[in-house]
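Numbering (my numbering), first residue to last: 204 to 500. All C-beta atoms, glycine included, are put in the ideal place defined by N, C-alpha and C. So the structure is just underneath, and the comments pick up after that.
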């Protein structure tokens with residue numbers, strides 16, 4: 204039997220144009236345990252459990268580094284952050300990111316390259332919504348598009364009213380869309396996705412093969428996903444990540460999904476560690492965590 208445990212590795216401040224230079228990174232040495240069980244690593248005594256704040260040692264082959272990214276500012280965020288009822292507007296269906304959102308994407312793109320993170324990433328997993336797809340290709344995509352018949356672009360020109368040039372798929376990690384890391388579903392039009400066939404025309408080099416249905420069968424007009432359901436979906440997603448062979452993975456997703464998923468971890472840690480893990484993400488913020496596959500029995 205194996206379970207996935209999460210621990211904070213580093214935290215990167217939101218990359219907004221006004222304070223992009225204030226980036227900082229720090230490391231902490233605790234794992235944050237799954238709420239399902241307080242499993243103990245063999246070799247640690249009862250009074251040296253990681254949840255007690257002591258150092259932890261895990262075999263490297265059982266660890267994965269996960270870079271969590273919230274999408275850049277979307278058109279729905281501008282009004283929705285002022286008035287929650289604005290999220291009900293049909294004009295925000297599958298919201299695209301704003302010009303400020305693209306600046307945030309450009310800043311994060313520069314950071315992941317300058318810091319060396321980009322060279323380490325084996326795979327990018329992205330929620331299949333327009334704002335996350337735009338963010339994923341903007342941050343982790345290739346350089347200027349090369350019009351080669353044997354290379355598909357990650358994003359075509361002006362996809363989703365972006366006013367952006369096409370983005371290349373050359374020299375970048377594979378990008379795979381996956382439904383489990385979608386935003387909280389139901390009721391809000393901004394969280395309803397387009398058909399996969401439409402996305403494929405806008406993002407030709409993204410892999411959508413893990414998505415079963417062309418149309419959005421998950422989003423409901425009159426039923427909003429509960430907080431408990433988001434957390435349960437998030438734990439399924441984290442356990443799925445544990446089955447992947449890749450060792451360093453970037454996830455481009457959403458605020459509510461991250462908040463409720465990470466909030467399900469850390470129940471056996473110091474309250475300050477739990478608070479750090481559960482802090483809401485700003486637009487285009489990146490945080491890195493380590494997940495550990497812990498085998499028992």
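- Taking a contact to require three or more Cβ pairs closer than 8 Å, the segment 381-392 and the segment 284-303 qualify as touching.
- Just so you know, the alpha carbons of residue 282 and residue 276 end up roughly 11 Å apart.
- In this chain, residue 340 is not harboured by any beta strand (DSSP E); it is covered by the alpha helix (DSSP H) spanning 333-343.
- The continuous beta strand (DSSP E) containing residue 453 extends over residues 451-456.
- Secondary structure in the segment 384-437: the alpha helix (DSSP H) runs of 4 residues or longer, each lying completely within the stretch, are 399-405 in chain order.
- Judged by DSSP secondary structure, residue 326 falls within the beta strand (DSSP E) whose first and last residues are 326-329.
- The residue from 477, 447 and 481 with its alpha-carbon nearest to that of residue 268 is 447.
- Judged by their CB atoms, residue 452 and residue 444 are nearer to each other than the 8 Å cut-off.
- Shown here for residue 274: same chain residues with a beta carbon closer than 6 Å to its own, the five before and five after excluded, namely 334, 335 and 338 in chain order.
- With a cutoff of 8 Å on beta-carbon distance, residue 330 and residue 456 are scored as near each other.
- Runs of alpha helix (DSSP H) with 4 or more residues, each lying fully within the segment 267-316, are found at 278-283, listed in chain order.
- Setting aside the 5 residues that flank it on each side, residue 266 is surrounded in the same chain by 493 and 495, each with a C-beta closer than 6 Å to its C-beta; the list follows chain order.
- C-alpha of residue 295 to C-alpha of residue 278: approximately 7 Å in a straight line.
- Boundaries of the beta strand (DSSP E) around residue 378: 378-380.
- Between the segment 303-320 and the segment 402-409 there are fewer than three C-beta pairs closer than 8 Å, too few to call the two in contact.
- Here residue 387 is near residue 459, since their CB atoms are less than 8 Å apart.
- In the three-state DSSP reduction, residue 318 falls in the coil class, being neither helix nor strand.
- Residue pairing from DSSP places residue 358 in a beta bridge opposite 370.
- Exclusion of the five residues before and after residue 413 leaves 379, 380, 381 and 382 as the residues of its chain whose Cβ lies within less than 8 Å of its Cβ.
- Taking a 10 Å sphere around the C-beta of residue 419, we find 16 or more other C-beta atoms and assign the residue as buried.
- Using a 10 angstroms sphere on the CB of residue 475, the tally of other CB atoms stays under 16, which defines it as exposed.
- Comparing C-alpha distances from residue 490 to each of 398, 369 and 320 shows the shortest one belongs to 320.
- Per the coordinates, the alpha-carbon of residue 398 lies some 5 Å from the alpha-carbon of residue 417.
- Within the model, the alpha-carbon separation for residue 373 versus residue 480 is close to 34 Å.
- Here residue 298 has 277, 278, 279, 334 and 393 as same chain residues with Cβ atoms under 6 Å from its own Cβ, once five neighbours each way along the sequence are excluded.
- If you compare the alpha carbons of 286, 361 and 327 with that of residue 411, the shortest gap goes to 327.
- Taking the C-beta atoms as reference points, residue 440 is found no nearer than 8 Å to residue 375.
- In this structure, residue 463 keeps its C-beta atom at 8 Å or more from the C-beta atom of residue 423.
- Taking the CA atoms as reference points, residue 400 sits about 18 Å from residue 369.
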